[in-house]
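Residue numbers (my numbering), protein chains in the order written: chain A, 1 to 293; chain B, 1001 to 1360; chain C, 2001 to 2344. Glycine included, C-beta positions come from ideal geometry on N, C-alpha and C.
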């Protein structure tokens, strides 16, 4: 197992796009960690809320004091920096929770099979039948605004993917000889699942989790963009882009001067998702070069 | 699930097996729809009875000065959820989805009025997505590991990493704000007038089709111009997945032995690639294409909102923002229905495309 | 007789006495690390008209690559680095691709080991056979269809008309192989290359397919280049045998020469390693050592390290020793008295 991991890690780093992904991610991690230094919050206020910096409702182009410009009366640079933290928070928490739930459900379905599997798979089908964004929209509408509600909504509608994956892998591994051997030796089911089945089935789940990270953040931002997610003024890339929306409809000739409203938060989003996608691709190549695309 | 089997069998797929399979899938269909409705209902059930009251009132005026508690009692909003669900389901099956606050009309008619616009957008976007995705995917596979391949892959990965609203805003900014080519909305004002006038017959509800059927080329072109922005957005963001699948599939097929046999017969390389390899490579792509198109429906929520278009997507977005629960439920239920039926059609068509399919 | 004819053959560009002459063929591949793999490194042999020549060797010795190289089908991921392939006097390796396409399927046809993999799953058997016919013969579709049906009948497939509309997965293994043979022979080729045609089939079907090939050879008058690792099949089918090892020919000659009077230690080893029911063998005979890594072939004779005749001379490239009657061996010690006389 160790030798394989070492070989896989070597493959990971020999892949140019994988390295790029890791580097980009590293950059974002640095920005997130050093947010208080890069964009110092006003003392006594919740740093996640972008401070109001101007009276005018019009957006302001980048300047010395506002390097990314001003939108919706708030400093875009601040929003992008602290938005990085928001993105990581949402991404990591939701991925962890949904993967945990998914692993649990998928393992049950895969290992015990038969009726339980059938029922759980039907339930999964039902959850997957509603488009992700729409489902999240419905739930956030019901639960109300707030980042925690957004995260709940995302978790509720994304556990199915790791569940399916782990179930499929378990079904495959279950048929392997060494499982039958362990069973015949009297090893209990739980131990078999934890010690033999899961370690073999875990890697695709990790890869999938990294790919999902990107789409999760996009959906969360989409919700904020629609005004359903983060509360007014919260440092979230989607919320920042929401400010841009109305100004883009300003009519012919009027919009290009507001390029910074889209470029900076949008650019941050694209690079963030790109980083996760590249990492996921590189992970996939590393663990199974046959799937290289 | 349908899966191709490569091993041999003395007899082919019989018609009866196929029919059994279709029947089984059709049987599961209501079950899934039932499940969706239950899920939705449970979500809405998280709301308090007063909020849910709004879904039953046909016109806001009737709420004025009314005793809300009495109304809650009247509509049975304090009854156990199971009973409420049963009642609601009965209504749904009768076509009564409640009143849309956003649309100022019954939810069902609001949906049916707007759906054709969304369908139109989806269909227009599906064509370039499928075409570009597959042909570029084949091109990338044929140039495996050469600069063109790398270039296409980068182009695709970047597109895939773009959230649709970011790209949509870019498109709006550049192609509308700066260049003035692709305006938002469904139609220009003058075209709108024509469509609303009694001389214009609405056959399908889809602007382009109706314009053609009415013989109005100018309206048709105007509608196209308004479709360009959203279609461009949806295309760039979605085609990458198809490109990727096509490329992988093509690369795999090019390694297969029957491709070598085709060459060994003396066929020209072009024929080998286009007749033998592509035909096999596109099989998995076909189902993915179907799923992508169906997935586009969800994408319309954002795109219609950004481009200020009328449609089911923007309807749901607006309903969410305005907390119009009846509209949200109805719209989502409708989306779910389309998705499930669409996926079923895609799965069934797979059996037609791949002669190897053995129905389990 | 051969000794006087040989200089004539070498002098001219090629000779119509021999249908196919492979001269010093070299086929190299590049692996992922960019290293060069010399899969076929200087192989020479001939195939006379209407006869069966068996190309024998263990897996990985380069026999399949040689077969593919004759039809220039390796150029997708390998390269033909040298040599000549003379078919009826013309060097196939020098032909432009368009001309080569006219040879493939028409003058030279090939059948492969795995008929399941070699037939396109989305087209019917009829379509695939007709494609070959329509490509090389100017006939109408109806005529092509009739010819295809005829071919299926010829290869012994029952209800040929029905089979025309069936897909490969609807046929059993043996029938698929027959269908592939039908496709290959549909244009009456002069040479059929059969790459392990029966390896993936049951033993009883094997015998049927071999009998079929013999019968068709007799009817059409074609030559067969049979690639195999099974000496039983060689004994059954071959007129001449070419033994390959590690990308090179080590010995070639008539069936009798190889089986009764082989001169190369490897050939001896091969023959000995076939278990016999009538001899009480306590230990199965095998050739000591392993086939060398294609990236690190030994200097000189590639059989070094496994050969009981080995000495210092073997560090040099083994010479080609003609023993008369077309029997050729590549070994420093071929001058010694027959290595396996009386054996078997």
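1) Pick helix, strand or coil for residue 1239 (chain B), following the three-state DSSP scheme.
2) Starting from residue 1335 (chain B) and walking both ways along the alpha helix (DSSP H), at which residues does that stretch end?
3) Grab me the residues of residue 1092 (chain B)'s own chain with a C-beta within less than 8 Å of its C-beta, minus the 5 sequence neighbours each way, in chain order.
4) Would you kindly work out how many angstroms separate the C-alpha atoms of residue 1108 (chain B) and residue 1330 (chain B), rounded to a whole number?
5) Which residues, in order along the stretch 120 to 144 of chain A, keep a beta-carbon less than 8 Å from a beta-carbon of chain B?
6) Going by DSSP, name the residue or residues bridged to residue 257 (chain A).
7) Give the single residue among A:55, A:164, A:63 and A:211 whose Cα lies nearest to the Cα of residue 111 (chain A).
8) Does residue 1161 (chain B) have its Cβ less than 8 Å from a Cβ in chain A?
9) Shorter than 8 Å from the beta carbon of residue 2281 (chain C) to some beta carbon of chain B?
10) Would you call residue 2275 (chain C) buried or exposed, if buried means 16 or more other Cβ atoms sit within 10 Å of its Cβ?
11) Can you tell me whether residue 2251 (chain C) is buried or exposed? The criterion is at least 16 other CB atoms within 10 Å of its CB, across all chains shown.
12) Taking 8 Å as the threshold (beta carbon to beta carbon), is residue 1276 (chain B) in contact with chain C?
13) Residues in the same chain with beta-carbon distance under 6 Å from residue 231 (chain A), minus the five sequence neighbours each way, listed in chain order, please.
14) Which of the three DSSP states, helix, strand or coil, is assigned to residue 2322 (chain C)?
15) Below 8 Å, how does it come out for the stretch 214 to 221 of chain A and the stretch 153 to 170 of chain A: are there three or more Cβ pairs, yes or no?
16) Would the beta-carbon of residue 282 (chain A) fall within 8 Å of that of residue 15 (chain A)?
17) With distances taken Cα to Cα, identify the nearest neighbour of residue 2238 (chain C) among C:2032, C:2036 and C:2053.
18) Which same chain residues end up closer than 6 Å to residue 117 (chain A) when comparing Cβ atoms and leaving out the 5 residues on each side of it in sequence?
19) Tell me the DSSP bridge mates of residue 49 (chain A)?
20) Compute the distance between the beta-carbons of residue 2028 (chain C) and residue 2072 (chain C), then report whether it is under 8 Å.
21) Do residue 2167 (chain C) and the ligand SAM come close, with the Cβ less than 7 Å from some heavy atom?
22) In the DSSP assignment, what residue or residues form a beta bridge with residue 2091 (chain C)?
23) Please report the straight-line C-alpha distance between residue 2004 (chain C) and residue 2097 (chain C), rounded to a whole angstrom.
24) Report yes if the CB atom of residue 223 (chain A) is closer than 8 Å to the CB atom of residue 233 (chain A), and no otherwise.
25) Should residue 2206 (chain C) go down as buried or exposed, given a rule of 16 or more other Cβ atoms within 10 Å for buried?
26) To the nearest angstrom, how far is it from the Cα of residue 2149 (chain C) to the Cα of residue 2095 (chain C)?
27) From A:286, A:37 and A:257, pick the residue whose C-alpha is nearest to that of residue 70 (chain A); which is it?
28) CA-CA distance, residue 2243 (chain C) and residue 2318 (chain C)?
29) I need the straight-line Cα distance from residue 2009 (chain C) to residue 1276 (chain B), nearest angstrom please.
30) Give the straight-line distance between the Cα atoms of residue 2038 (chain C) and residue 2296 (chain C), rounded to the nearest whole angstrom.
31) Strictly under 8 Å for the Cβ-Cβ distance: is residue 374 (chain A) near chain B by that measure?
32) For residue 2243 (chain C), does the three-state DSSP call read helix, strand or coil?
33) Taking just the CA atoms, how far does residue 1221 (chain B) sit from residue 2178 (chain C)?
34) By how many angstroms is the C-alpha of residue 1297 (chain B) removed from the C-alpha of residue 1183 (chain B)?
35) Provide the residue(s) that pair with residue 2045 (chain C) in DSSP beta bridges, ordered along the chain.
36) For residue 1278 (chain B), count neighbouring Cβ atoms within 10 angstroms of its own Cβ and tell me buried if that reaches 16, exposed if not.
From the atom records:
1) Here residue 1239 (chain B) refers to the residue found at position 239 when the second chain is read from its first residue. If DSSP states are grouped into helix, strand and coil, residue 1239 (chain B) belongs with the helices.
2) Start at 1 with the first residue of the second chain, and residue 1335 (chain B) comes out as number 335. Taken as a continuous stretch (DSSP letters only), the alpha helix (DSSP H) holding residue 1335 (chain B) covers 1325 to 1353.
3) Taking the first residue of the second chain as 1, we reach residue 1092 (chain B) at position 92. 1037 and 1333.
4) Locating residue 1108 (chain B) in the second chain gives position 108, counting from the first residue. Locating residue 1330 (chain B) in the second chain gives position 330, counting from the first residue. Going from the Cα of residue 1108 (chain B) to the Cα of residue 1330 (chain B) covers about 7 Å.
5) 122, 123, 125, 126, 127, 129, 130, 131, 132, 133, 134, 135, 137, 138, 139, 140, 141, 142 and 143
6) Here residue 257 (chain A) is taken as the residue at index 257 of the first chain, counted from 1. Answer by DSSP bridge pairing: none, since residue 257 (chain A) is not bridged.
7) Within the first chain, the letter at position 111 stands for residue 111 (chain A). It is A:164 whose Cα lies nearest to the Cα of residue 111 (chain A).
8) For the purposes of this step, residue 1161 (chain B) is taken as the residue at position 161 of the second chain. True, the Cβ-Cβ gap to chain A drops below 8 Å.
9) As a working mapping, residue 2281 (chain C) is identified with position 281 in the third chain. No, no contact with chain B.
10) Sequence index remark: in the third chain, residue 2275 (chain C) carries index 275 (1-based). With fewer than 16 Cβ atoms within 10 Å of its Cβ, residue 2275 (chain C) is classed as exposed.
11) What you label residue 2251 (chain C) is simply residue 251 of the third chain in a count that begins at 1. Buried, since its Cβ has 16 or more Cβ neighbours within 10 Å.
12) Within the second chain, residue 1276 (chain B) is the residue found at index 276, counting from 1. So, interface residue.
13) As a first step, residue 231 (chain A) must be located in the first chain, where it is residue number 231. Correct list, in chain order: 145.
14) Position 322 of the third chain, counted from the start, is the residue given in the question as residue 2322 (chain C). In this structure, residue 2322 (chain C) counts as strand in the three-state DSSP scheme.
15) yes
16) As a position in the first chain, residue 282 (chain A) is number 282, starting the count at 1. As a position in the first chain, residue 15 (chain A) is number 15, starting the count at 1. Going by C-beta atoms, residue 282 (chain A) is nearer than 8 Å to residue 15 (chain A).
17) On the third chain, position 238 is the one that residue 2238 (chain C) refers to. Selected option, being the one with the closest Cα: C:2053.
18) Residue mapping note: residue 117 (chain A) aligns to position 117 of the first chain, counting from 1. Same-chain partners within the cutoff: 109.
19) Here residue 49 (chain A) is taken as the residue at index 49 of the first chain, counted from 1. Note: residue 49 (chain A) sits in a beta bridge opposite A:234.
20) In the third chain, the residue the question calls residue 2028 (chain C) occupies position 28. In the third chain, the residue the question calls residue 2072 (chain C) occupies position 72. Not a contact, by the Cβ cut-off of 8 Å.
21) Among the components of this structure there are no ligands whatsoever, and the ligand SAM is therefore not found.
22) As a working mapping, residue 2091 (chain C) is identified with position 91 in the third chain. Bridge partners of residue 2091 (chain C): C:2086.
23) Translated into the one-based positions of the third chain, residue 2004 (chain C) becomes position 4. Translated into the one-based positions of the third chain, residue 2097 (chain C) becomes position 97. Confidence at residue 2004 (chain C) is low in this model, with a pLDDT of 39, below 50, so the placement of that residue is unreliable and no value is reported for it.
24) As a position in the first chain, residue 223 (chain A) is number 223, starting the count at 1. As a position in the first chain, residue 233 (chain A) is number 233, starting the count at 1. No. Outside cutoff.
25) Counted from its first residue, the third chain places residue 2206 (chain C) at position 206. That one is buried.
26) Taking the first residue of the third chain as 1, we reach residue 2149 (chain C) at position 149. Taking the first residue of the third chain as 1, we reach residue 2095 (chain C) at position 95. Near 33 Å, if we compare the C-alpha coordinates of residue 2095 (chain C) and residue 2149 (chain C).
27) Residue mapping note: residue 70 (chain A) aligns to position 70 of the first chain, counting from 1. Of the candidates A:286, A:37 and A:257, the one whose C-alpha sits nearest the C-alpha of residue 70 (chain A) is A:257.
28) Sequence index remark: in the third chain, residue 2243 (chain C) carries index 243 (1-based). Sequence index remark: in the third chain, residue 2318 (chain C) carries index 318 (1-based). Rounded to whole angstroms, residue 2243 (chain C) to residue 2318 (chain C) spans 15 Å at the Cα level.
29) Position 9 of the third chain, counted from the start, is the residue given in the question as residue 2009 (chain C). Position 276 of the second chain, counted from the start, is the residue given in the question as residue 1276 (chain B). Residue confidence is low: residue 2009 (chain C) scores 43 on pLDDT, short of 50, so the model does not pin down where it sits. No coordinate-derived value is stated.
30) Position 38 of the third chain, counted from the first residue, corresponds to residue 2038 (chain C). Position 296 of the third chain, counted from the first residue, corresponds to residue 2296 (chain C). The straight-line gap from Cα to Cα measures roughly 10 Å.
31) Any question about residue 374 (chain A) goes unanswered here, given that chain A covers just 1 to 293.
32) Taking the third chain and counting its residues from 1, one reaches residue 2243 (chain C) at position 243. Residue 2243 (chain C): strand per DSSP, three-state reduction.
33) Within the third chain, the letter at position 178 stands for residue 2178 (chain C). Within the second chain, the letter at position 221 stands for residue 1221 (chain B). Each residue's Cα considered, the two are about 59 Å apart.
34) To locate residue 1183 (chain B), count along the second chain from 1; it is residue 183. To locate residue 1297 (chain B), count along the second chain from 1; it is residue 297. Those two C-alpha atoms are separated by around 21 Å.
35) The count along the third chain starts at 1 and reaches residue 2045 (chain C) at position 45. Partner(s): C:2022.
36) One-based indexing of the second chain puts residue 1278 (chain B) at position 278. Burial call: buried.
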